[in-house]
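J.: Numbered as in the UniProt record's numbering, the sequence shown ends at 586 without a single skipped number.
A single structure is presented below for examination.
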Amino acid sequence: EPPDAPKDFSCQTRDMRRVTCTWTEEETYLYGENSPRYTLSKTSSQKTALCEVSCSEQCSCSWDIGQQWIWKVTMTVENPLGKKTATDVFDVNHRMYPTAPFQVWEDCTDTEITLHWNYENNEIELFCQTEVVQPDGKVELHNSSVADSRRLTVRGLQPDTEYTARVRCGAAQHFWKWSEWSQPLTTRTKEGAPSGKLDIWREITPVIGGQNVTLFWKQTPSFQANGKIISYEVTWEKIEDGSKSESISFSSVYNSTRIFIDNHSYRISIMAKNNVNFSLPSVLIISRSIDNSRNIFSTEELKEGQVNGTDDGIFISWEPRSVYDSYIIDWCNFPRLQPCDLQWKRFGPNTSSAVISSAAFVPGVRYKFCIYGSVANRASLLEKKIGYLRELPPCLDPIVRKVDLAYNSVTLSWDSYLTNESEPGFVRGYHVYVSPIQGNCNLKGSKKHILSGESELCKYTIENPEEKRYTVKHLMPNTKYKIAVKAFTGGGETPIFNFRYIDTPYNLNMLYFVFLLVIVPTLVAAICHWKMKWVKECCCPVIPSPNKSKVLSFKEFKIDSEKVLKINDCLPDVLAMDSNAEAHKL
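Okay, here's the thing in structure tokens:
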């Protein structure tokens, strides 16, 4: 192919003595003797070439400028298939492209870095730009003045912090482009006094003659060590009489200590120290032991509210009080161990809920949270909460101590379920499972429960965890059943493995009914058969007694105390006379 016009053709100088033009070669698919040739010449005198080159990709051509400052040059590219040209007109003073600064060094304080550097061609007026990379990767650019183009002071830096800087320069007049960056310089600011305060907390244990106070401290995001912390200073003094204070220093590897104080109120302060100075003191007020004993007594009376776990942690809420300027929640990361790794977190006065999270939280462990209100560095316990990150099923089943059987019911009694801190969840109630050995269960008032083996059980739910007795009704007499009692928590219950087997007795009422319906009539019939003659004489005699006849039992057939039979109401078969005396009487 014939060549295209030179691409990206431009000219510039780095020292005001020599000009360099650059361009990019285009592909012509001709090689060797037929490859493109480039000729750079003055436009006004193209017969005099400034330079001739044969190049690949990035090409360049340089020449001395002498005393000429305005140039108009033509670049001609030619191969056997054709040629093309490109022209550039420029003032050398407007095409200054400085070399990179070198010999970069620094002076540091705790918050400032002053960078120094050198560059070639000191007769050229330059101004420079500094790039400073923060520890978090953020980049800041700072420009120097023309009058002081060999140094730059960067202010507002963090003490004892590592920064990386580099410098580039450009022409102060007729700016063309920046030079390349200098080699990067990594430096660290000097240490400064710690800024901010430590976050401190305490745990109070009453003892004979006073109190043991365990103090804890940690660095918060607002606290800046500004160097290496070498020690912590703990100071305590009585508030009432203003006696001389006591203090003790600890190595930086410690974050807690225990001190003993008597029954007075104390002011306790903790400071961090580095090689420069101390931080501001963090203060706690410990009330008199009599006040703390009242507080501890009231603590025992506080009911522990239950809180629930979420995907992000354990959600806790409390009733806000306007008298406090902050709230503190403390808990143990490992409540089953000693020490338990006490943790705490502070909240502002307008906060009444929080999600407490910790990498140490695991399912099935009960955590206890104490909520304090603080005013003027004096804390008071307000509420207590207990909860789980996630509840798990109970470890044990209730122990059924007593089974009372009836022909159509069974009453189960079990021991109170232990709900101590070792339980993996809050016991919410109980499930009672019943099923006959043969066939499925369909008792009235129950719900169906399918086991993994596809067997069907009747399920009863008791939602009162204090309940210890339950009666299952509507059972069949003389039937074998299997039963089980399971406690459940917010995490459910464990699978059913062990059943208790019972046999319901016969229905005695049914036996009584059968006895009355069958046995008694049979017995009466036997007696009647045995005493047939007596029964016949008693019930249906050949000659009935008038006084015993039911026919004569009506009141209208009585005259005085005698029963009278009206002849016209009776058709006798035989007329017999008992005796002459009786006949005369009649």
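Beta carbons: idealized from backbone N, C-alpha and C, even for Gly.
Select from LYS138, THR109, MET271, TYR266 the residue whose C-alpha is nearest the C-alpha of TYR254.
T.: Reading the sequence shown from its first residue, position 254 is the one you call residue 254. Answer by Cα proximity: MET271.
J.: Looking at C-alpha atoms only, which residue of ILE208, PRO194, VAL207, THR214 is the closest neighbour of TRP201?
T.: Translated into the one-based positions of the sequence shown, residue 201 becomes position 201. Minimum Cα distance to TRP201 is reached at THR214.
J.: Going by beta-carbon coordinates alone, are VAL92 and TRP63 separated by less than 8 angstroms?
T.: Locating residue 92 in the sequence shown gives position 92, counting from the first residue. Locating residue 63 in the sequence shown gives position 63, counting from the first residue. No.
J.: Taking Cβ positions, are GLY373 and ARG321 nearer each other than 8 angstroms?
T.: Position 373 of the sequence shown, counted from the start, is the residue given in the question as residue 373. Position 321 of the sequence shown, counted from the start, is the residue given in the question as residue 321. Yes; because the gap between Cβ atoms is below 8 angstroms, this pair is in contact.
J.: From which residue to which residue does the alpha helix (DSSP H) around VAL520 run?
T.: In the sequence shown, counting from the first residue as 1, residue 520 sits at position 520. Segment 520 to 530, the alpha helix (DSSP H) holding VAL520.
J.: On the DSSP letters alone, give me the boundaries of the beta strand (DSSP E) that TRP331 sits inside.
T.: Numbered from 1 along the sequence shown, position 331 holds the residue referred to as residue 331. Looking at the DSSP string, the run of the beta strand (DSSP E) that includes TRP331 is 326 to 332.
J.: In whole angstroms, what is the alpha-carbon distance linking VAL53 and THR22?
T.: Here residue 53 refers to the residue found at position 53 when the sequence shown is read from its first residue. Here residue 22 refers to the residue found at position 22 when the sequence shown is read from its first residue. Distance between the alpha carbons of VAL53 and THR22 is about 11 angstroms.
J.: Could you check what DSSP says for SER289 in three-state terms: helix, strand or coil?
T.: By one-based count along the sequence shown, residue 289 stands at place 289. Three-state DSSP puts SER289 in a helix.
J.: My output table needs one value for LEU126: the three-state DSSP class, helix, strand or coil.
T.: Locating residue 126 in the sequence shown gives position 126, where the first residue counts as 1. Reduced to three states, the DSSP call for LEU126 is strand.
J.: Tell me where the beta strand (DSSP E) around PRO320 begins and ends.
T.: For the purposes of this step, residue 320 is taken as residue 320 along the sequence shown, with counting starting at 1. Where PRO320 is concerned, there is no enclosing beta strand (DSSP E), given that its DSSP letter is neither H nor E.
J.: How would you write the range of the beta strand (DSSP E) that LEU457 sits in, first residue to last?
T.: Taking the sequence shown and counting its residues from 1, one reaches residue 457 at position 457. That run of the beta strand (DSSP E) goes 456 to 462.
J.: Using 10 angstroms around the beta-carbon of PRO80, count the other beta-carbons present and answer buried if the total reaches 16, otherwise exposed.
T.: Numbered from 1 along the sequence shown, position 80 holds the residue referred to as residue 80. When all chains shown are included, PRO80 counts as exposed.
J.: Is CYS55 closer than 8 angstroms to LEU40 when the C-beta atoms are compared?
T.: To locate residue 40, count along the sequence shown from 1; it is residue 40. To locate residue 55, count along the sequence shown from 1; it is residue 55. In this structure, CYS55 does not lie closer than 8 angstroms to LEU40 by Cβ.
J.: Taking the DSSP output, what are the residues bridged to TYR388?
T.: For the purposes of this step, residue 388 is identified with residue 388 of the sequence shown, where counting begins at 1. According to DSSP, which records beta bridges pairwise, TYR388 is partnered with ARG366.
J.: Quick check on the burial criterion: 16 or more other C-beta atoms within 10 angstroms. Buried or exposed for TYR29?
T.: Taking the first residue of the sequence shown as position 1, residue 29 is located at position 29. TYR29 should be labelled exposed.
J.: Report the residue from GLU78, GLN306, TYR388 whose alpha carbon sits nearest the alpha carbon of GLU33.
T.: On the sequence shown, residue 33 is found 33 positions in, with the first residue counted as 1. Of GLU78, GLN306, TYR388, the residue nearest in Cα terms is GLU78.
J.: Could you check where the beta strand (DSSP E) with TRP23 kicks off and where it finishes?
T.: Counted from its first residue, the sequence shown places residue 23 at position 23. TRP23 -> beta strand (DSSP E) spans 18 to 24.
J.: Rounded to a whole number of angstroms, what is the C-alpha to C-alpha distance between SER435 and ASP312?
T.: Taking the sequence shown and counting its residues from 1, the one referred to as residue 435 is at position 435. Taking the sequence shown and counting its residues from 1, the one referred to as residue 312 is at position 312. Taking the straight line from one Cα to the other gives about 42 angstroms.
J.: Express the C-alpha separation of SER144 and VAL104 in angstroms, rounding to a whole number.
T.: The residue given as residue 104 occupies position 104 in the sequence shown. The residue given as residue 144 occupies position 144 in the sequence shown. Using only the alpha carbons, I get a separation of about 14 angstroms.
J.: Could you pull the DSSP bridge partners for SER282 from this structure?
T.: By 1-based counting over the sequence shown, the position of residue 282 is 282. Note: SER282 sits in a beta bridge opposite ILE270.
J.: Exposed or buried, ILE268, counting other C-beta atoms within 10 Å across all chains shown (16 or more means buried)?
T.: One-based indexing of the sequence shown puts residue 268 at position 268. Classification of ILE268: buried, given that the 10 Å Cβ count is 16 or more.
J.: If you draw a straight line from the alpha carbon of THR109 to that of LEU115, how long is it in whole angstroms?
T.: Taking the sequence shown and counting its residues from 1, one reaches residue 109 at position 109. Taking the sequence shown and counting its residues from 1, one reaches residue 115 at position 115. So the two alpha carbons sit approximately 12 angstroms from each other.
J.: Buried or exposed: GLN211, going by 16 or more other Cβ atoms within 10 Å of its Cβ?
T.: Locating residue 211 in the sequence shown gives position 211, counting from the first residue. With 16 or more Cβ atoms within 10 Å of its Cβ, GLN211 is classed as buried.
J.: Could you give the C-beta distance for GLU493 and PRO394, rounded to a whole number, given that I count them as a contact under 8 angstroms?
T.: Residue mapping note: residue 493 aligns to position 493 of the sequence shown, counting from 1. Residue mapping note: residue 394 aligns to position 394 of the sequence shown, counting from 1. Going by Cβ atoms, the distance from GLU493 to PRO394 rounds to 7 angstroms, so yes, they are a contact pair.
J.: Going by C-alpha distance, which of SER279, ALA379, PRO398, PRO424 is nearest TYR417?
T.: By one-based count along the sequence shown, residue 417 stands at place 417. Residue PRO398 is the option with its Cα nearest to TYR417.
J.: Compare the C-alpha of GLY429 against each of LYS384, GLY445, ALA487, GLY439 and name the closest.
T.: Here residue 429 corresponds to residue number 429 of the sequence shown, with the count starting at 1. If we check each option's Cα against that of GLY429, ALA487 comes out closest.
J.: Would the beta-carbon of ALA484 fall within 8 angstroms of that of ASN464?
T.: Your numbering for residue 484 matches position 484 in the sequence shown. Your numbering for residue 464 matches position 464 in the sequence shown. It is not a contact, given that the beta carbons lie outside the stated cut-off.
J.: Touching or not, the region 190 to 205 and the region 137 to 151, by the rule of three or more beta carbon pairs under 8 angstroms?
T.: Because the criterion of three Cβ pairs below 8 angstroms is not met, the region 190 to 205 and the region 137 to 151 do not touch.
J.: The beta strand (DSSP E) spanning THR161 covers which residue range?
T.: Position 161 of the sequence shown, counted from the start, is the residue given in the question as residue 161. It is not in any beta strand (DSSP E) - THR161 carries neither H nor E in the DSSP assignment.
J.: Ends of the beta strand (DSSP E) at ASP199?
T.: Here residue 199 is taken as the residue at index 199 of the sequence shown, counted from 1. Here the beta strand (DSSP E) through ASP199 covers 199 to 207.
J.: Less than 8 angstroms between the beta carbons of ASN274 and GLY348, yes or no?
T.: Locating residue 274 in the sequence shown gives position 274, where the first residue counts as 1. Locating residue 348 in the sequence shown gives position 348, where the first residue counts as 1. No, the pair does not count as a contact, with Cβ atoms beyond the cut-off.
J.: With a CB to CB cut of under 7 angstroms and the five nearest residues on each side skipped, what residues in its chain are close to TYR324?
T.: Position 324 of the sequence shown, counted from the start, is the residue given in the question as residue 324. Closer than 7 angstroms at Cβ, skipping near neighbours: PRO349, GLY373, SER374, VAL375.
J.: Near MET476, which residues of its chain fall below 8 angstroms by C-beta distance, leaving aside the five closest residues on each side in sequence?
T.: For the purposes of this step, residue 476 is identified with residue 476 of the sequence shown, where counting begins at 1. These residues qualify, in order along the chain: ASN408, PRO436, THR504.
J.: Which residues in the same chain have their Cβ closer than 7 angstroms to the Cβ of LYS83, if we skip the five residues on either side of it in sequence?
T.: For this step, residue 83 is matched to residue 83 along the sequence shown. So the qualifying residues of the chain are PRO3, THR76, VAL77.
J.: Would you identify the three-state DSSP class for LEU40, choosing helix, strand or coil?
T.: Here residue 40 is taken as the residue at index 40 of the sequence shown, counted from 1. Strand at LEU40.
J.: Quick one: Cα of LEU405 to Cα of THR419, how far?
T.: Counted from its first residue, the sequence shown places residue 405 at position 405. Counted from its first residue, the sequence shown places residue 419 at position 419. Cα-Cα distance, rounded: 29 angstroms.
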